[in-house]
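**Student:** Going down the list, the protein sequences come from chains A and B.
Going by the numbering used here, the residue at position 72 of the first sequence is 75; the numbering climbs one at a time, nothing skipped.
Going by the numbering used here, the residue at position 18 of the second sequence is 437; the numbering climbs one at a time, nothing skipped.
The beta-carbon is built from N, C-alpha and C at its ideal position, and this holds for glycine as well.
Dropping the structure in here first, questions after.
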Amino acid sequence: DTAVSQTPKYLVTQMGNDKSIKCEQNLGHDTMYWYKQDSKKFLKIMFSYNNKELIINETVPNRFSPKSPDKAHLNLHINSLELGDSAVYFCASSPSGGLFSTDTQYFGPGTRLTVL
Amino acid sequence: EDQVTQSPEALRLQEGESSSLNCSYTVSGLRGLFWYRQDPGKGPEFLFTLYSAGEEKEKERLKATLTKKESFLHITAPKPEDSATYLCAVHSGNTPLVFGKGTRLSVIA
């Protein structure tokens, strides 16, 4: 069984469109995250979501919004897509804590987003 | 600001040729240093967490060590299946996890 899963694996869309990426974890973890890995391969945190508490990295544009229907799911919605949003987006989860927790984080397989 | 620098950026080894990857860090109070392995087209896979200077952890051909300024990932007698990008990340407890750019390891049979 996949511990952290994401859909879709690939997403190609036009500038200006709105899209969503879904994430599910079956580890029973309390905290979920979204990361962006750009073309230079840097992984950067975007959000942390723990027990309905959302912590946003201040560098993330407000076009990006995480939505969590329950503890096992954290979806990423992106409005008005721009060329610079092209990247690989990873979902992760950890047992507890939040953005500043030192718990080990377990990553999903990633979603490659291409904005044309 | 927490910083992580990994070196070398890329490393090519012959099968069986042992070597080390370096992760230098600058944080205000290290709470944990993490090593991950990332295969092409996949998410990072957790390897080790180190919490204090002098700590060592091993898994198969990999051994991670930690000092107050850096961590090493030693690879003993590597095999082609060890080829991957190895990522280092640090946590200071009051900032999000900060990753380095990684070291891309290629092991040639």
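CB B:D501 to CB B:R523, shorter than 9 Å?
**Tutor:** What you label residue 501 of chain B is simply residue 82 of the second sequence in a count that begins at 1. What you label residue 523 of chain B is simply residue 104 of the second sequence in a count that begins at 1. For B:D501 and B:R523, no; Cβs fall outside 9 Å.
**Student:** If you reduce the DSSP assignment to three classes, tell me which class A:L86 lands in.
**Tutor:** Residue 86 of chain A sits at position 83 when you count from the first residue of the first sequence. The answer is helix: DSSP assigns A:L86 an H, G or I state.
**Student:** Can you list, in chain order, the residues of its chain whose CB lies under 8 Å from that of A:D106, leaving out five sequence neighbours each side?
**Tutor:** Locating residue 106 of chain A in the first sequence gives position 103, where the first residue counts as 1. Excluding residues within five positions, the ones whose Cβ falls inside 8 Å are T34, S97, P98, S99, G100.
**Student:** Taking DSSP's pairing of strands, which residues face A:H32 in a bridge?
**Tutor:** Working through the first sequence from its first residue, we reach residue 32 of chain A at position 29. Under DSSP, A:H32 shares a beta bridge with no residue.
**Student:** Can you tell me the Cα-Cα spacing of B:A483 and A:N54, whole angstroms?
**Tutor:** Taking the second sequence and counting its residues from 1, one reaches residue 483 of chain B at position 64. Taking the first sequence and counting its residues from 1, one reaches residue 54 of chain A at position 51. About 33 Å.
**Student:** The beta strand (DSSP E) that contains B:A472, what's its start and end?
**Tutor:** Residue numbering aside, residue 472 of chain B sits at position 53 when the second sequence is read from its first letter. Premise fails: B:A472 is in no beta strand (DSSP E) and is neither H nor E.
**Student:** Please list the partners that A:T34 has in chain B, where partner means a Cβ-to-Cβ separation under 9 Å.
**Tutor:** Here residue 34 of chain A is taken as the residue at index 31 of the first sequence, counted from 1. Those do not exist, as A:T34 stays about 12 Å from chain B at its closest Cβ, beyond 9 Å.
**Student:** Using a Cβ-Cβ distance cut-off of 9 Å, determine whether B:R431 contacts chain A.
**Tutor:** Position 12 of the second sequence, counted from the start, is the residue given in the question as residue 431 of chain B. For B:R431, the answer is no, since every Cβ of chain A falls outside 9 Å of its Cβ.
**Student:** Specify whether the region 425 to 437 of chain B and the region 7 to 19 of chain A touch according to this definition: at least 3 beta carbon pairs, one from each stretch, less than 8 Å apart.
**Tutor:** Taking 8 Å as the limit for Cβ pairs, the verdict is that the region 7 to 19 of chain A does not touch the region 425 to 437 of chain B.
**Student:** In this structure, what does DSSP give as the bridge partners for B:K451?
**Tutor:** Position 32 of the second sequence, counting from 1, holds the residue named residue 451 of chain B. For clarity, residue 451 of chain B is Gly in the given sequence; the question names Lys instead. Beta-bridge pairing links B:G451 to B:H510.
**Student:** Could you tell me which chain A residues have their CB closer than 8 Å to the CB of B:P459, listed as they occur along the chain?
**Tutor:** The count along the second sequence starts at 1 and reaches residue 459 of chain B at position 40. What B:P459 touches in chain A: nothing, since even the nearest Cβ is about 11 Å away.
**Student:** What does DSSP give as the partner residues of B:L432 in its beta bridges?
**Tutor:** Counting from one through the second sequence, the residue named residue 432 of chain B turns up at place 13. DSSP, once it has assigned bridges, lists B:V526 as partnering B:L432.
**Student:** Under 9 Å, Cβ to Cβ, is there at least one residue of chain A near B:G448?
**Tutor:** For the purposes of this step, residue 448 of chain B is identified with residue 29 of the second sequence, where counting begins at 1. Cβ-Cβ to chain A under 9 Å: no for B:G448.
**Student:** According to DSSP, A:L46 sits in a beta bridge with which residue or residues?
**Tutor:** What you label residue 46 of chain A is simply residue 43 of the first sequence in a count that begins at 1. Note: A:L46 sits in a beta bridge opposite A:Q40.
**Student:** So who's on the other strand from A:L77, going by DSSP bridges?
**Tutor:** Indexing the first sequence from 1 puts residue 77 of chain A at position 74. Paired residue(s): none; A:L77 is not in a bridge.
**Student:** Using the Cβ count rule (16 or more neighbours within 10 Å means buried), how would you classify B:A509?
**Tutor:** In the second sequence, residue 509 of chain B corresponds to position 90, counting from 1. Note that residue 509 of chain B is Val in the sequence shown, not Ala. Buried.
**Student:** Taking DSSP as the reference, what is the three-state secondary structure of A:E56?
**Tutor:** On the first sequence, residue 56 of chain A is found 53 positions in, with the first residue counted as 1. Collapsing the DSSP output to three states places A:E56 in a strand.
**Student:** Using a C-beta to C-beta distance shorter than 9 Å, which residues of chain A count as neighbours of B:F465?
**Tutor:** Translated into the one-based positions of the second sequence, residue 465 of chain B becomes position 46. Near B:F465 (Cβ distances below 9 Å), the residues of chain A are T107, Q108, Y109, F110.
**Student:** Verify whether the separation of the beta carbon atoms of B:S471 and B:L492 is less than 9 Å.
**Tutor:** What you label residue 471 of chain B is simply residue 52 of the second sequence in a count that begins at 1. What you label residue 492 of chain B is simply residue 73 of the second sequence in a count that begins at 1. Taking 9 Å as the cut-off, the Cβ atoms of B:S471 and B:L492 do not count as close.
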